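Read through the structure below, which is laid out as structure tokens, and then see the notes.
Residue numbers (full-length UniProt numbering), protein chains in the order written: chain H, 1 to 316; chain A, 1 to 316.
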């Protein structure tokens with residue numbers, strides 16, 4: 001995509017900007033995977049170092065009246081740990097940058113840090129550095145380093161004939177966000193799913209060992225991520241809605257808000273479920289659910305046709 | 001330092017907050033150096049991975065009317081690359097997070113990225129990942145990974161009897177910042193030193209190989225960094241002003257602004273000079289200048305007495 005010289009970030013969109021940035025940064029022999037996948041992979045003897053970075057901005061990625069500081073900490077850690085999971089790696093070490101107004105209570109920052117450390121500890125990962133500075137709004141910048149002993153599973157390996165499979169809760173966090181946005185605090189299980197996602201941390205390595213051909217975590221929305229897989233792999237992906245059992249709390253929210261609860265599942269991110277392709281049904285591991293298939297072509301369809309609802313989240 | 005439960009970040013100050021955070025984060029057997037030094041060092045077979053992270057906020061760490069986007073990119077890279085230098089390591093890979101308003105011109109972001117990549121390329125380091133998102137103000141979050149094949153040189157190794165030595169320009173960037181703050185654009189050499197610092201990238205490894213006992217880069221101000229060394233090592237440091245030759249442009253700025261030019265040298269950061277201690281005069285390598293000495297005791301003195309001027313920069 002060519003951009004005008006005076007285009008703004010709003011004009012370019014997140015992916016337009018990234019596409020431009022990737023052109024500027026050159027890799028080298030030590031970069032096995034550079035910008036464009038869930039994480040970068042660096043050549044290190046006896047296993048690779050895997051590194052990924054994410055930003056969270058108050059009011060956009062979290063609200064202090066919707067989640068406690070510890071919740072925000074848990075979520076910030078989870079979304080980064082999930083990026084290593086999505087490579088088939090094991091998260092080990094993290095850094096945190098915290099930019100915040102001078103009138104932010106120290107207690108908030110400490111509770112945030114405690115929640116963050118707690119989520120990391122559940123995986124045996126630790127925070128090894130950081131930076132704090134003053135800013136008008138809270139911006140949290142996390143970088144996570146992991147190790148990967150087998151080949152990392154990229155977005156680009158899906159082949160026609162593969163099956164598409166999902167593991168982990170999907171749509172719950174989006175349902176929780178929807179009720180919070182209407183001023184409600186229940187169903188509590190969905191609100192908690194938004195506040196403290198529970199990514200399937202063991203499933204990335206499991207998928208890699210089972211021979212997954214492509215792997216991604218669902219942070220921008222299920223159909224959006226399927227689109228990333230399809231584009232990177234040069235294939236078409238069809239998602240079958242009959243594969244999803246809509247859990248009762250999502251049905252209740254759909255009924256209360258007058259929305260199709262399937263929208264939360266197809267368009268929702270934030271649960272950090274894992275989406276993978278496997279060469280055949282027999283190779284899909286325990287705990288994974290087949291939700292679609294891979295064919296020649298391009299783009300994402302739902303039940304064989306175009307999908308008109310929201311497919312995910314955009315940053316600009 | 002004990003903080004009240006309702007204390008703000010402004011109350012705690014940067015170092016107070018960090019001290020609290022460090023208490024929360026536990027290391028593990030793989031963390032050779034965790035929070036509190038210039039960078040974290042992680043145990044990796046055949047050399048260690050060194051990682052450090054930094055934030056820059058518009059209006060606080062840079063101004064778009066004082067420096068071009070490429071300048072800001074150069075500076076953001078330099079200050080991070082310098083942190084690896086300050087461990088005696090070699091910078092290899094970086095990630096960038098960019099939070100910015102939607103009306104930021106794409107050209108600014110791209111020029112920033114080009115400047116950043118250019119500074120990295122001068123060392124053979126490369127950008128391997130990143131994140132972009134929307135925010136009210138520009139926040140740049142950089143993480144740098146490096147390798148270290150010998151033992152890293154920490155802040156805590158200075159011993160009584162050691163000599164204190166400096167390499168790289170010192171005070172130039174502070175002089176440039178001072179003239180920009182008064183609305184001037186010259187002396188140009190100082191303004192350029194602020195816009196594009198030239199850290200002595202080869203000197204960190206040089207100092208490590210020469211047997212430096214402690215090492216730090218000067219980003220918060222020379223006396224402030226000497227204070228960090230003294231505190232971490234449990235020693236007293238005396239800085240001798242007679243050791244500094246005040247360069248002509250700094251003399252000119254001092255005369256124009258009615259300030260003692262030595263203030264720029266003693267209080268200035270941003271040049272990312274390196275400050276180290278060595279066991280004796282004979283071990284101080286070529287290119288380094290002896291600027292003081294280490295004794296039993298605590299704190300930093302200047303020419304044997306207390307210093308009343310500004311000693312550095314605080315973030316809250």
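Where is the CB? At the ideal position from N, CA and C, for every residue including glycine.
In this text the structure is predicted, and so the values were computed from the model without any measurement.
Contact list for residue i against chain H, beta-carbon separation under 8 angstroms
i: residue 350/A; result: Since the displayed chain A opens at 1 and closes at 316, residue 350/A lies outside it and no answer follows.
For residue i, three-class secondary structure by DSSP
i: residue 213/H; result: coil
i: residue 84/H; result: helix
i: residue 106/H; result: helix
i: residue 289/A; result: strand
i: residue 295/A; result: strand
i: residue 218/H; result: coil
i: residue 174/H; result: helix
i: residue 244/H; result: coil
i: residue 6/A; result: coil
i: residue 238/A; result: strand
i: residue 154/A; result: coil
i: residue 193/A; result: helix
i: residue 93/A; result: strand
i: residue 48/A; result: strand
i: residue 62/A; result: strand
i: residue 138/H; result: coil
i: residue 275/H; result: strand
i: residue 161/A; result: coil
i: residue 100/A; result: strand
i: residue 123/A; result: coil
i: residue 314/H; result: Note that residue 314/H scores 48 on pLDDT, short of 50, meaning its location in the model is unreliable and no value can be drawn from it.
i: residue 130/H; result: strand
i: residue 305/H; result: strand
i: residue 260/A; result: coil
i: residue 204/A; result: helix
Cβ distance (whole Å) where residue i is taken to contact residue j below 8 angstroms
i: residue 158/H; j: residue 229/H; result: 6 angstroms
i: residue 98/A; j: residue 125/A; result: Between residue 125/A and residue 98/A the Cβ distance is about 18 angstroms, and since that is not below 8 angstroms, they are no contact.
i: residue 294/A; j: residue 160/A; result: 6 angstroms
i: residue 224/H; j: residue 290/H; result: Actually they are not in contact, since the Cβ atoms of residue 224/H and residue 290/H sit about 20 angstroms apart, beyond 8 angstroms.
i: residue 263/H; j: residue 309/H; result: 5 angstroms
i: residue 199/A; j: residue 252/A; result: Between residue 252/A and residue 199/A the Cβ distance is about 24 angstroms, and since that is not below 8 angstroms, they are no contact.
i: residue 191/H; j: residue 182/H; result: No, residue 191/H and residue 182/H are not in contact; Cβ-Cβ is about 11 angstroms, not under 8 angstroms.
i: residue 129/H; j: residue 95/H; result: 4 angstroms
i: residue 51/A; j: residue 144/A; result: 7 angstroms
i: residue 76/A; j: residue 56/A; result: 6 angstroms
i: residue 201/H; j: residue 123/H; result: 6 angstroms
i: residue 241/H; j: residue 105/A; result: Not a contact, Cβ separation roughly 42 angstroms.
i: residue 53/H; j: residue 139/H; result: That pair is no contact at about 13 angstroms.
Where residue i meets chain H, residues with beta-carbon distance less than 9 angstroms
i: residue 54/A; result: 97, 131 and 133
i: residue 90/A; result: Those within 9 angstroms of residue 90/A in chain H number zero; the least Cβ separation is about 12 angstroms.
6 angstroms Cβ shell around residue i - same chain, five flanking residues per side excluded
i: residue 153/H; result: 88, 208, 212 and 215
i: residue 137/H; result: 58
i: residue 246/H; result: 261
i: residue 131/A; result: 97
i: residue 317/A; result: Shown here, chain A extends from 1 to 316; a query on residue 317/A therefore has no answer.
i: residue 297/A; result: 236
Partners in chain A for residue i, counting only beta-carbon separations shorter than 7 angstroms
i: residue 218/H; result: None at all; the shortest Cβ gap to chain A is about 17 angstroms.
Cross-chain neighbours of residue i in chain H, by beta carbon under 7 angstroms
i: residue 238/A; result: Chain H residues near residue 238/A: none, gap ~30 angstroms exceeds 7 angstroms.
Proximal residues to residue i (C-beta, below 7 angstroms), its chain only, five neighbours per side dropped
i: residue 69/A; result: 108, 111, 112 and 115
i: residue 304/A; result: 238
i: residue 93/A; result: 125, 126, 128 and 145
i: residue 197/A; result: 75, 78, 173, 270, 271 and 272
i: residue 71/A; result: 115, 195 and 196
Within chain A, partners of residue i - CB distance below 9 angstroms
i: residue 51/H; result: 51, 93, 95, 128, 129, 143 and 145
i: residue 57/H; result: 99, 133, 134, 135, 136 and 139
8 angstroms Cβ cut-off: residues of chain A touching residue i
i: residue 60/H; result: 133, 134 and 135
i: residue 72/H; result: In chain order: nothing, as chain A lies at least about 15 angstroms away.
beta-carbon residue i near the ligand ADP non-hydrogen atom, thresh 6 angstroms
i: residue 135/H; result: No copy of the ligand ADP appears in this structure; indeed no ligand is present at all.
Same chain, Cβ closer than 8 angstroms to residue i, neighbours up to 5 away in sequence not counted
i: residue 67/A; result: 75, 194 and 195
Touch test, the segment 234-242 of chain H against the segment 109-120 of chain H, Cβ-Cβ under 8 angstroms, three pairs minimum: The count of Cβ pairs closer than 8 angstroms, one atom from the segment 234-242 of chain H and one from the segment 109-120 of chain H, stays below three, leaving the stretches out of contact.
At least 3 beta-carbon pairs within less than 8 angstroms: the segment 265-282 of chain A vs the segment 165-179 of chain A: Yes, they touch.
Contact between the segment 275-294 of chain A and the segment 195-209 of chain A (3+ Cβ pairs under 8 angstroms): yes
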